[in-house]
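These protein sequence lines map, in sequence, to chains B and Z.
For reference, each letter of the first sequence is one residue, going 5 to 117 in my numbering.
For reference, each letter of the second sequence is one residue, going 516 to 627 in my numbering.
We treat Cβ as the ideally placed atom computed from N, Cα and C, and that holds for glycine.
It should be emphasised that the depicted structure is a prediction, and the values quoted were computed from it without experimental measurement.
Please read the structure below before turning to the comments.
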Amino acid sequence: AQTVTQSQPEMSVQEAETVTLSCTYDTSESDYYLFWYKQPPSRQMILVIRQEAYKQQNATENRFSVNFQKAAKSFSLKISDSQLGDAAMYFCAYLNRDDKIIFGKGTRLHILP
Amino acid sequence: DAMVIQNPRYQVTQFGKPVTLSCSQTLNHNVMYWYQQKSSQAPKLLFHYYDKDFNNEADTPDNFQSRRPNTSFCFLDIRSPGLGDAAMYLCATSNTGDPPLHFGNGTRLTVT
Numbered sequence: 005a006q007t008v009t010q011s012q013p014e015m016s017v018q019e020a021e022t023v024t025l026s027c028t029y030d031t032s033e034s035d036y037y038l039f040w041y042k043q044p045p046s047r048q049m050i051l052v053i054r055q056e057a058y059k060q061q062n063a064t065e066n067r068f069s070v071n072f073q074k075a076a077k078s079f080s081l082k083i084s085d086s087q088l089g090d091a092a093m094y095f096c097a098y099l100n101r102d103d104k105i106i107f108g109k110g111t112r113l114h115i116l117p
Numbered sequence: 516d517a518m519v520i521q522n523p524r525y526q527v528t529q530f531g532k533p534v535t536l537s538c539s540q541t542l543n544h545n546v547m548y549w550y551q552q553k554s555s556q557a558p559k560l561l562f563h564y565y566d567k568d569f570n571n572e573a574d575t576p577d578n579f580q581s582r583r584p585n586t587s588f589c590f591l592d593i594r595s596p597g598l599g600d601a602a603m604y605l606c607a608t609s610n611t612g613d614p615p616l617h618f619g620n621g622t623r624l625t626v627t
């Protein structure tokens, strides 16, 4: 069975600075998807970024980028120029062949003004 | 805008009194999911549907059931809610082989 591990329960970053959230996963599958979801205090889960495992190029969405290391089974999220609106719980997630998404325990990100 | 809608946003029920949460989608996705999320925890998958095919997680309590009468609607029934069932319940949809999941706003269930 697949597992997703986020080792940082909480992190803080100064506004306008850069922060990296860590995620590792375990799987025997060769083809899969990875995601970072954001859950603000309003609680709706919002997709931040996705990565297909067969793609070597790291995904980027504006200020959000990932460092995908397939061999190491690592999938970190970098947020550049942090903004107050980035404060949220961030979940790393893995989508398996059965279309089931497995979440990590989350990292709560605080943005310091 | 196409979306996933959950009603109600907040639901209060009494211990042991059956309750139904609803989810509708305008995305025409074939897969629908129900997740339970307790405070400061990751969402936990309860079950999901491929079209009308129901898939139950092994550790989902028998107290939880679901119905999907058509593509657009899915219901979560809690037959005899206990205090431990108080949580946020999230509905999500996707198309097979075409992630990601799209989530609704959730229903926060309180059991008194």
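Counting only Cβ pairs nearer than 9 Å, list the residues of chain Z close to residue i.
| i | result |
| --- | --- |
| Tyr-37 of chain B | Pro-614 and Pro-615 |
| Leu-113 of chain B | Within chain Z, no residue comes near Leu-113 of chain B; the closest Cβ sits about 13 Å away, beyond 9 Å. |
| Leu-99 of chain B | Ser-609, Pro-614, Pro-615 and Leu-616 |
Which chain B residues sit within Cβ distance under 8 Å of residue i?
| i | result |
| --- | --- |
| Thr-611 of chain Z | Asp-103 |
| Leu-605 of chain Z | Met-49 |
So which of the options has the shortest CA-CA distance to residue i?
| i | options | result |
| --- | --- | --- |
| Met-49 of chain B | Z:Lys-567, Z:Ala-557 and Z:Tyr-565 | Z:Ala-557 |
| Gly-473 of chain Z | Z:Thr-586, Z:Tyr-604 and Z:Thr-611 | There is simply no residue 473 of chain Z to check, as chain Z begins at 516 and stops at 627 in what is shown. |
| Thr-31 of chain B | B:Leu-99, B:Gly-110 and B:Glu-19 | B:Leu-99 |
| Val-17 of chain B | B:Gln-55, B:Lys-82 and B:Gln-61 | B:Lys-82 |
| Gly-597 of chain Z | Z:Pro-615, Z:Asn-578, Z:Tyr-564 and Z:Tyr-550 | Z:Asn-578 |
| Gly-621 of chain Z | Z:Thr-528, Z:Leu-536 and Z:Gly-531 | Z:Leu-536 |
| Arg-623 of chain Z | Z:Pro-614, Z:Phe-562 and Z:Leu-591 | Z:Leu-591 |
| Arg-524 of chain Z | Z:Cys-606, Z:Leu-616, Z:Phe-569 and Z:Asn-610 | Z:Cys-606 |
| Ser-69 of chain B | B:Val-52, B:Thr-111 and B:Ala-57 | B:Val-52 |
| His-114 of chain B | B:Ala-92, B:Ala-97, B:Cys-96 and B:Arg-67 | B:Ala-92 |
| Asp-118 of chain B | B:Asn-66, B:Gln-73 and B:Ser-78 | Residue numbering for chain B in the displayed model covers 5 to 117; residue 118 of chain B lies beyond these limits and cannot be assessed. |
| Met-547 of chain Z | Z:Lys-553, Z:Asp-600 and Z:Phe-588 | Z:Phe-588 |
Put residue i into one of helix, strand or coil per three-state DSSP.
| i | result |
| --- | --- |
| Leu-542 of chain Z | coil |
| Asp-85 of chain B | coil |
| Asp-458 of chain Z | With chain Z represented from 516 up to 627, any question about residue 458 of chain Z goes unanswered, as that position is not in the structure. |
| Asp-4 of chain B | Summary: the structure shown does not reach residue 4 of chain B, with chain B confined to residues 5 through 117, and so no result is reported for it. |
| Asp-600 of chain Z | helix |
| Asp-566 of chain Z | coil |
| Asp-592 of chain Z | strand |
| Asp-613 of chain Z | strand |
| Asp-30 of chain B | strand |
Please compile the residues from chain Z whose C-beta is within a distance smaller than 8 Å of the C-beta of residue i.
| i | result |
| --- | --- |
| Lys-109 of chain B | Gln-556 and Ala-557 |
What residues of chain Z sit near residue i, judged by a beta carbon separation below 7 Å?
| i | result |
| --- | --- |
| Leu-51 of chain B | Pro-615 |
> Any residues in the segment 541 to 569 of chain Z with a beta carbon nearer than 9 Å to a beta carbon of chain B? Which ones, in chain order?
Replying inline: Val-546, Tyr-548, Tyr-550, Gln-552, Ser-555, Gln-556, Ala-557, Pro-558, Lys-559, Leu-560, His-563 and Tyr-565
> Residues in the segment 61 to 87 of chain B with C-beta within 9 Å of chain Z's C-beta atoms, listed in sequence order?
Replying inline: none
> Is it true that the segment 550 to 564 of chain Z meets the segment 95 to 112 of chain B, where meeting means three or more beta-carbon pairs spaced less than 8 Å apart?
Replying inline: yes
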